[in-house]
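> In this note's numbering, the protein residues as written are 113 to 420.
Beta carbons are placed, not taken as given, at the ideal position from N, Cα and C, and that holds for glycine.
Keep in mind the model is a prediction, meaning the values are calculated, not measured.
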Ligand code: GLU
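1. DSSP three-state label for residue 212, please.
2. What first and last residue would you give for the alpha helix (DSSP H) that runs through residue 306?
3. Please state the DSSP three-state secondary structure of residue 376.
4. Can you tell me whether residue 192 sits near the ligand GLU, meaning its C-beta is under 6 Å from at least one heavy atom of the ligand?
5. Decide if the segment 220-240 is in contact with the segment 167-174; the criterion is three or more beta carbon pairs, one per stretch, under 8 Å apart.
6. In terms of residues, what are the limits of the alpha helix (DSSP H) holding residue 144?
7. Please write down, chain order preserved, every residue whose beta carbon lies under 5 Å from a heavy atom of the ligand GLU.
8. Could you check where the alpha helix (DSSP H) with residue 167 kicks off and where it finishes?
9. Check whether the segment 380-389 touches the segment 313-320, counting contact only when three or more Cβ pairs, one atom from each stretch, lie closer than 8 Å.
10. May I have a chain-ordered list of the alpha helix (DSSP H) segments no shorter than 4 residues that lie completely inside the segment 224-294?
11. Going by the CB atoms, is the gap between residue 395 and residue 180 shorter than 7 Å?
12. For residue 248, which option in 213, 228, 233 and 229 has the closest C-alpha, if you only look at C-alpha atoms?
13. Quick one: what's residue 122 bridged to in DSSP?
14. Contact between the segment 275-290 and the segment 256-267 is defined here as three or more beta-carbon pairs at a separation below 8 Å; is this criterion met?
15. Closer than 7 Å by C-beta to residue 410: which residues in its own chain qualify, once you throw out the five before and the five after it? Chain order, please.
16. Hey, residue 304 and residue 337 are a contact pair by Cβ (cut 8 Å); roughly how many whole angstroms apart?
17. Less than 8 Å between the CB atoms is what I'm expecting for residue 144 and residue 314, so what's the real figure, rounded?
18. For residue 201, collect the residues of the same chain with a Cβ closer than 8 Å to its Cβ; drop the 5 residues on either side in sequence, then sort them by chain order.
19. Measure the beta-carbon distance from residue 152 to residue 120 and round it to whole angstroms, keeping in mind my assumption that it falls under 8 Å.
20. Hey, could you find the ends of the beta strand (DSSP E) residue 345 is sitting in?
21. Under DSSP, the alpha helix (DSSP H) around residue 327 begins and ends at which residues?
22. Roughly how far, in whole angstroms, is the beta-carbon of residue 130 from the beta-carbon of residue 175, given that I think they are within contact range, below 8 Å?
Structural data, given as structure tokens:
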């Protein structure tokens, strides 16, 4: 790999305040790219504008700036990229089978369909069987979402942090949504289109998205985009072991009002396994200490003074 052309990114969803787990993800994305002379980009994933006001995106950018994390390129706002997603949808229509699905979320959850790890269901392809006449009738009753039919293939990749991964698309994922019934493009499509357009070569994110990766690789292949390297980092917990949430008590903004940014950065680097003690350092100063081999793979617990 030509490490000098590494392009990493941090892509938060502004549906609430960031917590320290999000900040650690941003820092690791930054260090992973910068430590090999690469670039670091920021993208605001405000696809769902009803849940993600512009002000929440601005707040995230402000928090990142206070931590010394700035984008090496223009900030991408997904709410401004609908045309690009439409273009990607049109390409997919030529290269795969996209079909309208009229099943509601309530119907799917009431069914006995097996569940995905992210809470969704493995869709059984019911609406793929509908004929044109029935589709026309149903369109009069309900606006459908758009699904992509997936083949019975295994998608494998080597995650830089957690190793070999394989998922059978048909059995472990099912036909997935490309565009929601309210017209908002799905995260899976947007993330692939955006990473492709920005030339992203390295994706660092929380392990909650590990099982989304095969879907994204499938879309990259159809769209003729290069597959980035993936690194999924463990979720960050409070010292007590509880999961962090986007609620006020875990807000990174609140922490930044109580502690200097250098302390937070030093404490996160220590919690992640990068250093052997907490020392106040800036993000740039710590770049040289970064090594994927040092990053914990199981669980990252925050020191109790930051989060109990
Ligand atoms: N926007 C996603 C989140 O905040 C991350 C997407 C990604 O990194 O691919 O969880």
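Based on what the coordinates show:
1. strand
2. 299-309
3. helix
4. no
5. no
6. 132-146
7. 123, 124, 125, 157, 303 and 317
8. 166-178
9. no
10. 244-251 and 281-284
11. yes
12. 213
13. 154
14. yes
15. 346
16. 7 Å
17. 6 Å
18. 210, 258, 290, 291, 297 and 301
19. 5 Å
20. 341-345
21. 325-335
22. 6 Å
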